[in-house]
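Chains A and B supply the protein sequences, listed in that same order. Residue numbers for the first sequence follow the working numbering, beginning at 562 and rising by one. Residue numbers for the second sequence follow the working numbering, beginning at 562 and rising by one. Even glycine gets a Cβ: it sits at the ideal position worked out from N, Cα and C. Working notes, beginning with the structure itself.
Number of protein chains: 2
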Amino acid sequence: MDGNEALQQARARVIEAISQNMNLYGVTPSIGRLYCLLFFSDKPLTLDEMKEELGMSKASMSLAVRSLLDLNMVEKAWRKGVRKDLYVVKDDSFQRFFDLFMKKWRPAVSMNTKAIEKTIAELEELDENEAASDEDRERAKTDISKLQNWLVYYDWLDRLIDTFESKEILDFVPMEKKEKD
Amino acid sequence: MDGNEALQQARARVIEAISQNMNLYGVTPSIGRLYCLLFFSDKPLTLDEMKEELGMSKASMSLAVRSLLDLNMVEKAWRKGVRKDLYVVKDDSFQRFFDLFMKKWRPAVSMNTKAIEKTIAELEELDENEAASDEDRERAKTDISKLQNWLVYYDWLDRLIDTFESKEILDFVPMEKKEKD
DNA sequence: TAATACGTTTAATATATATTGAACGTATTA
DNA sequence: TAATACGTTCAATATATATTAAACGTATTA
Numbered sequence: 562m563d564g565n566e567a568l569q570q571a572r573a574r575v576i577e578a579i580s581q582n583m584n585l586y587g588v589t590p591s592i593g594r595l596y597c598l599l600f601f602s603d604k605p606l607t608l609d610e611m612k613e614e615l616g617m618s619k620a621s622m623s624l625a626v627r628s629l630l631d632l633n634m635v636e637k638a639w640r641k642g643v644r645k646d647l648y649v650v651k652d653d654s655f656q657r658f659f660d661l662f663m664k665k666w667r668p669a670v671s672m673n674t675k676a677i678e679k680t681i682a683e684l685e686e687l688d689e690n691e692a693a694s695d696e697d698r699e700r701a702k703t704d705i706s707k708l709q710n711w712l713v714y715y716d717w718l719d720r721l722i723d724t725f726e727s728k729e730i731l732d733f734v735p736m737e738k739k740e741k742d
Numbered sequence: 562m563d564g565n566e567a568l569q570q571a572r573a574r575v576i577e578a579i580s581q582n583m584n585l586y587g588v589t590p591s592i593g594r595l596y597c598l599l600f601f602s603d604k605p606l607t608l609d610e611m612k613e614e615l616g617m618s619k620a621s622m623s624l625a626v627r628s629l630l631d632l633n634m635v636e637k638a639w640r641k642g643v644r645k646d647l648y649v650v651k652d653d654s655f656q657r658f659f660d661l662f663m664k665k666w667r668p669a670v671s672m673n674t675k676a677i678e679k680t681i682a683e684l685e686e687l688d689e690n691e692a693a694s695d696e697d698r699e700r701a702k703t704d705i706s707k708l709q710n711w712l713v714y715y716d717w718l719d720r721l722i723d724t725f726e727s728k729e730i731l732d733f734v735p736m737e738k739k740e741k742d
């Protein structure tokens with residue numbers, strides 16, 4: 562086995578693992594492989610080069626790159642004299658993790674919170690509505706109480722994401738392991 | 562509009578929002594709706610009742626319940642004299658969030674770490690192999706350095722998940738907002 | 001024991017999503 | 001200007017996943 566072959570084979574193992582687990586970021590293995598291709602590449606790549614390497618269509622590459630841009634996992638690169646768009650990974654794993662929460666979780670927290678608040682308001686109206694049956698009003702009360710627990714959680718989650726965004730989380734869980742005493 | 566109708570409509574909004582955003586937990590909207598059904602139910606439900614409420618097959622309910630059990634989002638309930646299996650939500654949003662990391666993220670971290678470690682070992686061999694070309698050995702060195710950065714990140718992530726599992730994270734981001742001074 | 005009532009598995013189907021080739025718009029070059 | 005080289009969009013297709021009906025195994029009841 563020659564050196565290059567050994568290199569490719571060694572890389573293949575982590576590419577496979579990373580690509581498979583990339584679903585935690587809400588992307589497919591294909592997109593994961595593209596990310597890995599860029600990760601191991603020693604230079605920015607064009608859509609045509611990606612297409613060539615992965616044996617996929619240019620349209621796919623265009624879409625895949627866009628999802629990666631969305632997640633802040635890659636960025637455009639420029640090089641004098643090159644007209645094609647070039648892309649490189651933003652090789653900061655911590656930032657990648659934090660960005661996931663800012664891009665995906667934050668909007669979800671916001672949506673859910675708004676929905677819950679609006680619903681609680683409606684349920685309170687129902688509870689105060691004399692025309693409603695006792696049973697319905699009772700259920701409204703129960704729902705309100707359950708939903709308020711959710712609000713507490715979403716507020717917490719929002720504050721947790723704040724500590725990701727500000728990187729304050731690193732004060733609590735430091736990047737480097739503590740030295741053993 | 563009568564009370565019950567108002568109740569259903571109020572619930573529908575949060576059900577929709579929650580179900581849609583449940584993809585962050587790696588489950589489909591259908592499973593999300595089942596979760597919400599159980600959440601709002603005032604009693605444990607059987608597969609047949611779920612099937613009835615959601616208009617889906619029993620097989621679907623069986624599979625959906627299993628994913629929710631997997632994520633620790635529901636649990637079995639027993640009631641004297643009832644032979645059918647009964648299920649209720651585990652209505653602890655915080656625990657639900659922590660469990661996601663223990664069930665999904667932790668194994669991913671573990672898999673990726675192992676793959677990376679094994680690959681680094683192979684690359685080190687390659688780097689020390691006199692027969693390999695200088696170019697390949699150089700690339701191996703570069704890869705090793707990049708992969709070691711990932712190891713630092715995964716180690717950190719593992720420790721972060723530790724703070725979820727032990728709930729120490731709540732020391733840093735408390736459940737209740739701090740009172741304003 | 002036989003008969004019934006469960007939940008699960010399996011194989012088939014329906015649905016959603018990923019992927020593609022071709023058409024399109026825009027910028028660059030000649 | 002016309003011609004070429006891009007990246008993107010769109011409609012068609014391929015693939016993966018969700019969903020189902022039917023078969024199955026097990027426990028319970030009579």
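Quick one: Cα of residue i to Cα of residue j, how far?
i, j, result
"Ala567 (chain B)", "Arg698 (chain A)", "11 Å"
"Arg640 (chain B)", "Thr607 (chain B)", "11 Å"
"Trp717 (chain B)", "Trp666 (chain A)", "20 Å"
"Met617 (chain B)", "Asp653 (chain B)", "27 Å"
"Phe733 (chain A)", "Arg627 (chain B)", "35 Å"
"Met611 (chain B)", "Glu678 (chain A)", "27 Å"
"Asn673 (chain A)", "Glu577 (chain B)", "9 Å"
"Ile730 (chain B)", "Thr589 (chain A)", "30 Å"
"Arg644 (chain A)", "Lys637 (chain A)", "12 Å"
"Met736 (chain B)", "Glu689 (chain B)", "52 Å"
"Arg574 (chain A)", "Ser621 (chain A)", "23 Å"
"Gln709 (chain B)", "Tyr715 (chain B)", "10 Å"
"Lys738 (chain A)", "Val713 (chain B)", "9 Å"
"Ala676 (chain A)", "Asp603 (chain A)", "46 Å"
"Ala625 (chain A)", "Gln569 (chain B)", "40 Å"
"Leu585 (chain B)", "Leu647 (chain B)", "26 Å"
"Lys619 (chain A)", "Val635 (chain A)", "17 Å"
"Ser727 (chain B)", "Lys728 (chain A)", "21 Å"
"Glu691 (chain B)", "Thr680 (chain B)", "19 Å"
Buried or exposed: residue i, going by 16 or more other Cβ atoms within 10 Å of its Cβ?
i, result
"Arg700 (chain A)", "buried"
"Gly642 (chain B)", "exposed"
"Pro605 (chain B)", "buried"
"Glu696 (chain A)", "exposed"
"Ala682 (chain A)", "exposed"
"Thr703 (chain B)", "exposed"
"Leu721 (chain A)", "buried"
Pick from the options: whose alpha carbon is nearest that of residue i?
i, options, result
"Lys664 (chain B)", "B:Ser694, B:Glu689, B:Ala676, B:Asn633", "B:Asn633"
"Leu661 (chain B)", "B:Met583, B:Glu614, B:Asp732, B:Leu731", "B:Met583"
"Phe725 (chain A)", "A:Tyr715, A:Leu708, A:Glu683, A:Gln656", "A:Gln656"
"Ser706 (chain B)", "B:Glu685, B:Glu729, B:Arg627", "B:Glu685"
"Val650 (chain B)", "B:Val670, B:Leu595, B:Lys702", "B:Leu595"
"Phe658 (chain B)", "A:Trp711, A:Lys675, A:Lys619, A:Leu630", "A:Trp711"
"Leu629 (chain B)", "B:Pro668, B:Lys619, B:Gly587", "B:Gly587"
"Asp723 (chain A)", "A:Lys675, A:Asp646, A:Pro668", "A:Pro668"
Let me know the secondary structure DSSP gives residue i once reduced to three states.
i, result
"Val575 (chain A)", "helix"
"Ala620 (chain A)", "helix"
"Ala638 (chain B)", "strand"
"Val626 (chain A)", "helix"
"Val670 (chain A)", "helix"
"Leu595 (chain A)", "helix"
"Val650 (chain A)", "strand"
"Leu606 (chain A)", "strand"
"Ala693 (chain A)", "coil"
"Met736 (chain B)", "coil"
"Gly587 (chain B)", "coil"
"Val713 (chain A)", "helix"
"Lys728 (chain B)", "coil"
"Lys707 (chain A)", "helix"
"Arg644 (chain A)", "coil"
With a threshold of 6 Å on Cβ separation, who are the neighbours of residue i within its own chain once the five nearest residues in sequence on each side are excluded?
i, result
"Arg572 (chain B)", "Phe601"
"Leu598 (chain B)", "Glu614"
"Ser580 (chain A)", "Pro590, Gly593, Arg594"
"Asp609 (chain B)", "none"
"Asn565 (chain A)", "none"
Here's a check: name, in chain order, each residue in its chain whose Cβ is nearer than 8 Å to the Cβ of residue i, leaving out the five neighbours to either side.
i, result
"Leu687 (chain A)", "Ala693, Asp697, Arg698, Ala701"
"Asp631 (chain B)", "Lys664"
"Ser623 (chain B)", "Leu608"
Once you ignore the five residues that flank residue i on each side, which residues in its own chain have a CB closer than 7 Å to its CB?
i, result
"Asp719 (chain B)", "Val670"
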